[in-house]
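Data block below; observations after.
Number of protein chains: 2
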Amino acid sequence: MDKTFHTPCLGESCGDCGFRSTLFNCLSSEQLEKLSKSKDLIKAKKGETIIRQGEKIKDFIFLRIGLAKLTRISSDGKEQLVGIARPKDFIGLLSLFSSSTHQYSIIAIEDSEYCVVNFETINKLIQENGKLAYSLLQKISLVSDLLLGTKLDIDNRQLRGRIAFILSLFSKDIYESTKFNLPISRKEIGELIDMRVENVVRILSEFRKDKIISIEGTTIEILQPDKLEWIKNHG
Amino acid sequence: MDKTFHTPCLGESCGDCGFRSTLFNCLSSEQLEKLSKSKDLIKAKKGETIIRQGEKIKDFIFLRIGLAKLTRISSDGKEQLVGIARPKDFIGLLSLFSSSTHQYSIIAIEDSEYCVVNFETINKLIQENGKLAYSLLQKISLVSDLLLGTKLDIDNRQLRGRIAFILSLFSKDIYESTKFNLPISRKEIGELIDMRVENVVRILSEFRKDKIISIEGTTIEILQPDKLEWIKNHG
DNA sequence: TATCAATATTGATAAATATCAATGGATAAA
DNA sequence: TTTATCCATTGATATTTATCAATATTGATA
């Protein structure tokens, strides 16, 4: 977090924040006031670590803008990519209530902004406000379901299906466009869907030769979404 | 749930239940009273379905006694075993707050007893009682972390390591004994750790030949825990 | 008991995936 | 600029895993 720098939040109060509607909707004016005072808005450039696995949990983190990867050091010491998270995924909630230290690292893979709120402040708000607690329960359920579901889906597929799955995910869920810049390296794609770099490259090339996608360096365009979808489901 | 039958709870009130200490500790006498009145204790024999994927969520489920498997129908229509759950795992909390239908089936793999509490009752209690909400947040975090963590651990290993992992899990985490009855079939083990039945059998036989385990039908005894641990971590 | 279906087991073979090796490119550091 | 490092790519090969086939074995049921 060395190179990050603090700036005042764009909105004067957390009530103006886009997250209000989804999470802080239920707070009273006084509660919003309290929240607004205890928060910081922080920017992280691509590549910077937002949360490091093993650190003591002191704050809530909300990714406001950007894209981040969730990683962990696996039991055999290798880095494992657990998932990709957008702002609305509330990835910062993971294992927040079940551990005193962060179980995963969160690393920006695009220039990002995130909000940091003192953990104790939120804890007190939960005690006072049942609706906030309920809202948090929903968010935690959602992010956990998403991550586990994605892992289970990937396990069912072999390599071509996995590559198609991940391309579809970036195209449909994250960038909502058939043309996008891959925010992670081939090696990281491999870590995410459990395969070797060489095979990631090989299958991407294969898709290129079959004119299903086009590749220009880090930019990918999906030329035949139907075919890709078919491979994702049957390949 | 056809063959299940209702009986009064063993304790007169939920305050006497073993779960009190971990979840309902924070409730007032009146709240416990309310809870006790709205619950049912249900028995499920081995093989019976407790919750079916896709059903509307009407109740909270707490596994009190026994063992259950968590399954889902994967995108390609096959049954997939997501995890094994003991009472303290609070598996019934999964996706309870993020969906109106159950995302997973829960099936007893040993004779079990579980408590059923009306969902709305708990919802109201959450609104009134911030500590209950906090406690639920912890439980949900724990069960999600456990499932995802297990899946990530398994992904790192090849077949021998996976079998060793699952044997170690049954021995250490579930039965706390080096000798135990496997509660699931070879096929289900395969579904759980993503491999084919034939290979499950083959590797179990291999371990038997190497005198790491002994197999008598469904009973397994771990003869060399150290060797099994080594395979789990390096095999 | 006899019968049927599901599970368990083993071997042979095919297919999928990982590993090893070599090279070019890009980028950052000296 | 040179050097070093990491990433991307491709081919050849080895290893792992899945598939196919055949046969027990078990368990439930009529």
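Going line by line, the protein sequences match chains A and B. The numbering of the first sequence is this note's numbering, which starts it at 1 and goes up by one. The numbering of the second sequence is this note's numbering, which starts it at 1001 and goes up by one. Ideal Cβ positions, reconstructed from N, Cα and C, are used throughout, including at glycine. The structure presented is a predicted model; accordingly, all values stated were derived computationally and were not measured.
Against chain B, the CB of A/S95 has a partner CB under 7 Å away; the residue lies at that interface.
Residue pairing for A/C115: DSSP places it in a beta bridge opposite A/L41, A/F62.
Per DSSP, reduced to three states, the secondary structure at A/N25 is coil, with no helix or strand assignment. Contact with chain A is absent for B/Y1104, since none of that chain's Cβ atoms lies less than 7 Å from the residue's Cβ. Counted as a single uninterrupted DSSP element, the beta strand (DSSP E) harbouring A/F180 occupies residues 179-181.
B/S1214 has B/E1221 as its beta-bridge partners, per DSSP.
Inter-segment contact for the region 1055-1071 of chain B and the region 132-141 of chain A is absent: fewer than three beta-carbon pairs are separated by less than 8 Å.
Cβ proximity to chain B below 7 Å picks out K151, L152, D153, D155, N156 from the region 149-162 of chain A. Its Cα nearest to that of B/L1035, the residue B/F1024 stands out among B/I1109, B/I1042, B/F1024. In the DSSP secondary-structure assignment, A/L70 is bridged to A/G83, A/I106. Pairing B/E1188 with B/Q1080 gives a Cβ-Cβ distance that is not under 7 Å.
Membership of B/I1166 in the alpha helix (DSSP H) is indicated by the continuous run 1159-1168. Secondary structure of B/I1050 (DSSP, three-state): strand. Note on geometry: alpha-carbon atoms of A/N118 and A/L96 lie some 12 Å from one another.
Not one beta carbon of chain A lies nearer than 7 Å to the beta carbon of B/I1107. Around A/V200, the same chain offers R186, I189, G190 as residues with beta carbons nearer than 6 Å, after the five sequence neighbours per side are excluded. Around the Cβ of A/N181, a 10 Å sphere holds fewer than 16 other Cβ atoms; the residue is exposed. Taking a contact to require three or more Cβ pairs closer than 8 Å, the region 1141-1148 of chain B and the region 61-68 of chain A do not qualify as touching. Of the candidates B/E1120, B/I1084, B/S1205, the residue whose Cα lies closest to the Cα of B/S1100 is B/E1120.
Nearest in C-alpha terms to B/A1108, of all of B/E1128, B/I1084, B/Q1127, is B/I1084. Put simply, the CB of A/L169 is far from chain B, with every gap to its CB atoms at 7 Å or more. Taking C-alpha positions only, B/E1128 is separated from A/G130 by approximately 6 Å.
Leaving aside the five residues that flank A/I203 on each side, the residues in its chain whose CB is nearer than 7 Å to its CB run, in chain order, L159, R160, I163. The alpha-carbon of A/S171 is positioned some 20 Å away from that of A/L148. Per DSSP, the continuous alpha helix (DSSP H) segment holding B/N1199 begins and ends at 1197-1209. Take the alpha-carbon of A/Q103 and the one of A/I231: they are about 34 Å apart. Along the region 1115-1135 of chain B, going in chain order, the ones with a CB nearer than 8 Å to a CB of chain A are N1123, I1126, Q1127, E1128, N1129, G1130, K1131, A1133, Y1134.
With respect to chain A, the C-beta atom of B/S1100 has no partner C-beta closer than 7 Å. Per DSSP, the beta bridge partners of B/T1101 are B/K1056. With the criterion set as a beta carbon lying under 8 Å from some beta carbon of chain A, the members of the region 1060-1087 of chain B are R1072, S1074, S1075, D1076, K1078, Q1080, V1082, in sequence order. Take the alpha-carbon of A/L125 and the one of A/L67: they are about 28 Å apart.
If you draw a straight line from the Cα of B/I1122 to the Cα of B/K1088, it comes to about 19 Å.
If you draw a straight line from the Cα of A/V197 to the Cα of A/K78, it comes to about 15 Å. For B/N1199, there are no C-beta contacts with chain A under 7 Å, since the nearest C-beta of that chain is about 15 Å from it.
Interface with chain A (7 Å Cβ-Cβ cutoff): B/I1184 is excluded.
In terms of beta-carbon proximity, A/I51 stays away from the interface with chain B, with every pair separated by 7 Å or more.
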